[in-house]
Each structure stands twice: as structure tokens, then as C-alpha cells.
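Protein chains in written order, with the working numbering: chain A, 1 to 259; chain B, 1001 to 1259.
Idealized CB from N, CA, C, for every residue including glycine.
2 protein chains.
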Amino acid sequence: MKTMTTKKKQVSARPAVAPVGRKERRNAVSKKPAAPQTQRGNQTRDRLKEAAVRVLERIGYRAMRLSDIAAEAGVNVSLLYHYFSGKADLTHEILSELLESWRIQDAGGGPSSGDAFESILRANKVMVTAYSRTPGLMRCLLHFDEEEAEFSELYRRVSADWSIRIAKDIARRCPGVSLGDEQRLMIAYALGGMVDNFLFELYVDRNPNLVKVFSAPDDVAHFLAILWYRTVYLTNPPAEHLRGYEGFASLRLGEVPAA
Amino acid sequence: MKTMTTKKKQVSARPAVAPVGRKERRNAVSKKPAAPQTQRGNQTRDRLKEAAVRVLERIGYRAMRLSDIAAEAGVNVSLLYHYFSGKADLTHEILSELLESWRIQDAGGGPSSGDAFESILRANKVMVTAYSRTPGLMRCLLHFDEEEAEFSELYRRVSADWSIRIAKDIARRCPGVSLGDEQRLMIAYALGGMVDNFLFELYVDRNPNLVKVFSAPDDVAHFLAILWYRTVYLTNPPAEHLRGYEGFASLRLGEVPAA
DNA sequence: ATACAACTTGAATTTAAATTCAATCATGGT
DNA sequence: ACCATGATTGAATTTAAATTCAAGTTGTAT
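What follows is the structure, encoded as C-alpha cells:
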């Protein structure tokens, strides 16, 4: 209504170019906006988040521009700053919630129903689903710490929780062994990493050598569970779990039974 | 001497900001400069490359500015364009040569001297050395495909070569088994990934849980070799290789010997 | 109705750092 | 000595895209 002062111009706006998070914390960016006060506000905020998820999945963090998100959500770019303090803030929220969703899903799966193999298989399937359904987001998870150094800690914390749970599971199932807690944890880290790495190469990098072998997600989960089982328990899983992988049964050191 | 025309200004210079390698190949950048013609030229080019290696190791690709490289090398920024077509070109050359150096080192290690365990251990040590000595570069290797999509293919090719060699090694040592080539290759990928991932978490992320356990590089190589050996050969490595990890000997499925 | 707050927009503003350019310097061959 | 060619420099130029601003819109409680 009332025409206020015309545009000022000496106000110092903030940086523009992606401020390579280097030594000095150059990009303080405006403070985090308060939560929406109205239903419409909440809807819009969610719409922006969902749009960003789709864009992240499609082209990744680096290539994603605020205008991409805005277009996808059907709103004006500057509206984004009403709900988030910037691109990194928005992405951080999305990826954090992704990590958090696993923790919940993971804990919800029942402490340890079924035999050891099924326990491993179940854990693997959670990861396989994530990688096969949203490879783009998984890629972001890996790359986002280039933008926000603190993020890798969050990632690590989740990963650690997961490994620790697995380690405890191993302990429960092998009560008699003399292996220390520490070594058990290392094994969990190593095997958890094996799964992560394999799925990344299969679903994110789409390594043709792997793609041509594994068409069904369940196959991968199964394959990795067998390897895992062999490493920990030093024997093949019960025959009923070997369906399709009977070949493994004979993979052991040639004819060196003596000793 | 002669003052030529004053600076023109209508010449269209190239983009400035990191051109998020998106859809249109916006950043064609000037053509690749010819090789240096003189000894001094070669020295300078090498100096720039070595400087860039140090900066990459220290702060990573994203945060590295051309001025950082120039300062480290003690030359003017614009000189960089005499020898490289830009930041990405320079980095690409560095990382490619790093990958290539492994291939050579790897092939040079003799086809397969020693027993199976030593063969695995030797392969692991190559990786441990790389990760423990230049974690920053290893990190760049992982992140650089965000800048140059084609790079991940190069990485994959090297990784595939490595896995294939391992798979063949497994085949030679287990001639009697009925496992297909394909499955053998998958195992090599999985276990290779396990090593990569573990070393990344230990040396690059410096995950405290891992750091406090492994102080000596040889320990990690040994630990991972044992896991590997167990997975493939379904037995512990010969006792002389278990030094320090005797606990593993008893890690197997409780008391289920019957069957 | 009307006012007030929250929401939304269009357009202006800003900046780091990459890239280019013309000029100067160094050097080796004649 | 001189000149041609490559090496080096200093300074100017250029952007994409993030961020901000102030003004318009919408909704809702009084």
C-alpha cells in the first residue's frame, strides 16, 4: 500500500557464491527462521522439503540450485528463506531425518528374532532398500560432509550405533568365545562397511559388473549375508539359506584337512 | 616497452564461479595447453603439481583455491593456465596418476609369491600405506566425481582390475571348487570394498572407535587380512599369522560341531 | 468490515574466485 | 649483442547463484 522508501542499496547483503567452508567461518548466514505459525505455512515448508528431496535424488547437492527446488515446489525462490536459513540448512535437515529414520526402523525390527542368519539378513535388507530406492540420496549422504564438516560426525554416530548393536548380537550368539568386545566391534565395522560399499557400487555407481549379476534386491541382501555369516561364524549358513548360492558350500581351502 | 592498446573490455572472459557441472557443458574452458618446451617450464609445471598435491592433501578439492596452489608453489596464479586448463584439469591429472601408480605397484609385486594369507596381506598393505600416508588425497579420490562425472569411471576401472586379479588368485588357490567366475568376482568386490571402507573410516574420518584400536598400520592390514581369509577359505589362517589375534581362533558358531 | 500477522513475491544486490589478457622478463641460439 | 620464443606477472574482467529487501497477498480473529 504505502510506498515506503525506495530500495536502499548500501545494505550489505551476504555472500553469493558457495562459500567454500574453509578456515574462517565466513558463511554465518541469517539465523534459523522460526517454525511456521499456520497450517498453510507448514504445508509449504513440507512442500519445499519434499521438492528438495526429489531434486537431491535427481542431481545431487552440488548441482542443486535453490531455483530448482523452488520450481519443483512451485513457489518463489526467496520463500525458501522464510523456512530455512539456506541450502545447507535444508539439506542438513533432510539428510539428518533420513539417518534418523534408519535408527528407528532398525530398533523397531525386534531385538533378535530368528536365527543368526536371519538377523543379519534383516539388517542387510534395510540397507538394500535404502540404496535401491534412493541411490541419489545415499550419494548425497556421502558427499555432504564436503559442505558441512560437522555432518560426517553425525553420520559416524549413526554408523557406530549400528555397528555396536551388531557387535552385541554377535556376542549374544557366541557366548563362549574369548574374543574381546573391542575386536567384536571391529568386525562389525568391517562387515558393515563391506555392505555399504558394495551397495554403493551396485546402486549408486551402477557398476556394470555388479549390475549384471544382481537384478533383484533380495539377492544382494542374501549374498552379503552369506559372506558376513561365513566371516563371523566360520561356517556356511544352514543349507536352507543357501538357495541359489550352493556354490559357496564348496568354497573353502582346497584339500588341506590334515593339520 | 611499447605501450600497446589499453585493456579491451568487450572480450568475453570465461565463467568465474565453479560451474556446477550440470546439464549443458557450460565450462568448456580453454583448450589444454601444450607441454612445456623448456627445462625450466617442466620444472615449474612439476612444482605446480607437487604444490597442488600438498594443498589437496591438506584441505581437499572443494576448498582449494588456485591462489592456494600458486602461493604454495611460489608463482603467480595466472601461470597455472600456462600448464593446465584449470583447476579440474590439474586435479584430474594428479588423481589419475595416483590411481595409475597403484596399478603398477600392484602388478610389480610378483604374481603370487607366498601362501594365500601373505598374498592377501600384501595387497592390503598397499592400500593401508596409501590411506595412512595420504588420507587427504584418498578423500579427494572419493569426492572428485562430484566435479567430473567421468572420473568415477576411471576409478571403477582401476578398482575392477584389482578385484579381477584377486578373483583369479582365489581361483588358482581353490581349483576344486564349483564356484563360478562371477561369484568369485563378487566376493573380491565385496572384500575389496570392506578394506577400502574400513581404511577410509580409520584414516580419513579418523573414527575414534577405530583409531584407539589400531595404532600401527601393519595391525590393520593384518586384521583385515584375517577377516578376508576367513570369508574366502572358511578357516582361520595358519597359526603363525594369527599373532595378536588368537581370539579369532575361537570365534565360530558356538558348539555346533555335530551335523 | 478491518486490522494484523503470516505468507509470498519480484527484483535488486552481492561476492569469491576462476579465467583472461597484454605486457614484461629470461634464456638460448645465431 | 640481438631477437625470437617461451615463461611469468599484475591487473582487469566475468559470472552464477545465493541472499536480502520491501512491497503485495492472503487468511483469520475481533
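Near residue i, what residues of its chain come up, given a Cβ to Cβ distance below 6 Å and the 5 sequence neighbours on each side ignored?
i	result
Ala1188 (chain B)	Ser1163, Ile1166, Ala1167
Asn42 (chain A)	Pro36
Glu240 (chain A)	none
Glu153 (chain A)	none
Val1220 (chain B)	Val1128, Phe1214
Arg1022 (chain B)	Unreliable positioning characterises Arg1022 (chain B) in this predicted model, as indicated by a pLDDT of 35, which lies under 50. The coordinate reading is nonetheless provided below. So no residue of the chain qualifies.
Arg1173 (chain B)	Ala1116
Glu24 (chain A)	Below a pLDDT of 50, predicted positions are generally treated as unreliable, and Glu24 (chain A), at 28, falls in that range; the measurement from the model is reported next regardless. There are no such residues.
Trp1102 (chain B)	none
Tyr131 (chain A)	Met138, Leu199, Tyr203
Lys1002 (chain B)	Residue placement at Lys1002 (chain B) is poorly supported in this model, since its pLDDT is 34, which falls under 50; the coordinates still yield a value, given next. Cβ within range, chain order: n/a, list empty.
Phe1151 (chain B)	Phe1144, Asp1145
Between which residues of its own chain and residue i is the CB-CB distance below 7 Å, once the five residues before and five after are set aside?
i	result
Tyr1061 (chain B)	Thr1091, Cys1140, His1143, Phe1144, Glu1147
Phe198 (chain A)	Leu224
Ile1120 (chain B)	Ala1225, Trp1228, Tyr1229
His1082 (chain B)	Pro1033
Met1064 (chain B)	Val1055, Leu1056
Arg45 (chain A)	Pro36, Tyr83
Val77 (chain A)	Leu66, Ser67, Ala70
Leu234 (chain A)	none
Thr1038 (chain B)	none
Whose C-beta lies closer than 8 Å to the C-beta of residue i among residues of the same chain, with five residues either side of it excluded?
i	result
Lys49 (chain A)	Leu90, Glu93, Ile94
Ile1170 (chain B)	Arg1184, Ile1187, Ala1188, Val1232
Leu79 (chain A)	Thr44, Leu48, Ala70
Pro1238 (chain B)	Asp1115, Phe1117
Pick out whichever of the options has its Cα sitting closest to the Cα of residue i.
i	options	result
Glu1182 (chain B)	B:Leu1154, B:Glu1201, B:Ala1160	B:Ala1160
Lys212 (chain A)	A:Ala221, A:Arg65, A:Leu202	A:Leu202
Leu98 (chain A)	A:Ala149, A:Tyr155, A:Ala88	A:Tyr155
Val1195 (chain B)	B:Leu1179, B:Arg1122, B:Arg1173	B:Arg1122
Lys1087 (chain B)	B:Thr1134, B:Ala1171, B:Ser1067	B:Ser1067
Val158 (chain A)	A:Glu100, A:Gly136, A:Phe200	A:Glu100
Thr1134 (chain B)	B:Arg1206, B:Gly1114, B:His1222, B:Arg1047	B:Arg1206
Asp218 (chain A)	A:Asn76, A:Asn124, A:Val75, A:Leu80	A:Asn124
Asn1209 (chain B)	A:Ile69, A:Pro208, A:Gly136, A:Ala190	A:Ala190
Arg58 (chain A)	A:Arg47, A:Ile104, A:Gly136, A:Glu72	A:Gly136
His222 (chain A)	A:Gly180, A:Val126, A:Gly74	A:Val126
Taking Cβ-Cβ distances shorter than 9 Å, what residues in chain B pair up with residue i?
i	result
Val201 (chain A)	Residue identity check: residue 201 (chain A) is Glu in the sequence provided, not Val. Residues of chain B passing the Cβ test: Arg1156, Ser1159, Tyr1189, Gly1193.
Glu72 (chain A)	Those do not exist, as Glu72 (chain A) stays about 15 Å from chain B at its closest Cβ, beyond 9 Å.
Val213 (chain A)	Glu1182, Gln1183, Leu1185, Met1186
Closer than 7 Å by beta-carbon distance: list the chain B residues that pair up with residue i, in chain order.
i	result
Ser152 (chain A)	Asp1205
His143 (chain A)	His1143, Glu1146
Leu80 (chain A)	Correct list: empty, because the minimum Cβ distance to chain B is about 18 Å.
Cβ closer than 8 Å: which chain A residues qualify as neighbours of residue i?
i	result
Arg1230 (chain B)	Arg230, Thr231, Leu234
Leu1261 (chain B)	For chain B, the structure presents residues 1001 to 1259; residue 1261 (chain B) sits outside this window and is missing.
Leu1269 (chain B)	One cannot answer for residue 1269 (chain B) here, as it falls past the ends of chain B, which runs 1001 to 1259.
Leu1090 (chain B)	Per Cβ cutoff of 8 Å: no residues; Leu1090 (chain B) is ~17 Å from chain A at best.
Leu1242 (chain B)	Here the premise fails: no neighbours, minimum Cβ distance about 12 Å.
What does residue i touch in chain A if you count any residue whose Cβ is under 7 Å from its own?
i	result
Leu1223 (chain B)	The question names Leu, but residue 1223 (chain B) in the sequence shown is Phe. Chain A residues near Phe1223 (chain B): Met186.
Leu1137 (chain B)	Neighbours of Leu1137 (chain B) on chain A: none; closest Cβ ~15 Å, over 7 Å.
List the residues of chain A whose Cβ lies closer than 9 Å to the Cβ of residue i, in chain order.
i	result
Asp1196 (chain B)	Gly193, Asn197
Glu1118 (chain B)	None at all; the shortest Cβ gap to chain A is about 14 Å.
Leu1066 (chain B)	Here the premise fails: no neighbours, minimum Cβ distance about 12 Å.
Residue i touches chain B at which residues, Cβ-Cβ below 8 Å?
i	result
Leu210 (chain A)	Met1186, Tyr1189
Leu99 (chain A)	Per Cβ cutoff of 8 Å: no residues; Leu99 (chain A) is ~15 Å from chain B at best.
The ligand SAH heavy atoms versus the CB of residue i: any closer than 6 Å?
i	result
Arg65 (chain A)	Only the bare structure without any ligand can be found here, which leaves the ligand SAH out of the picture.
Within 9 Å of chain B by C-beta, residues of the segment 43 to 63 of chain A in sequence order: Of all residues in the segment 43 to 63 of chain A, only Ile59, Gly60, Tyr61, Arg62, Ala63 come within less than 9 Å of chain B when Cβ atoms are compared, listed by chain position.
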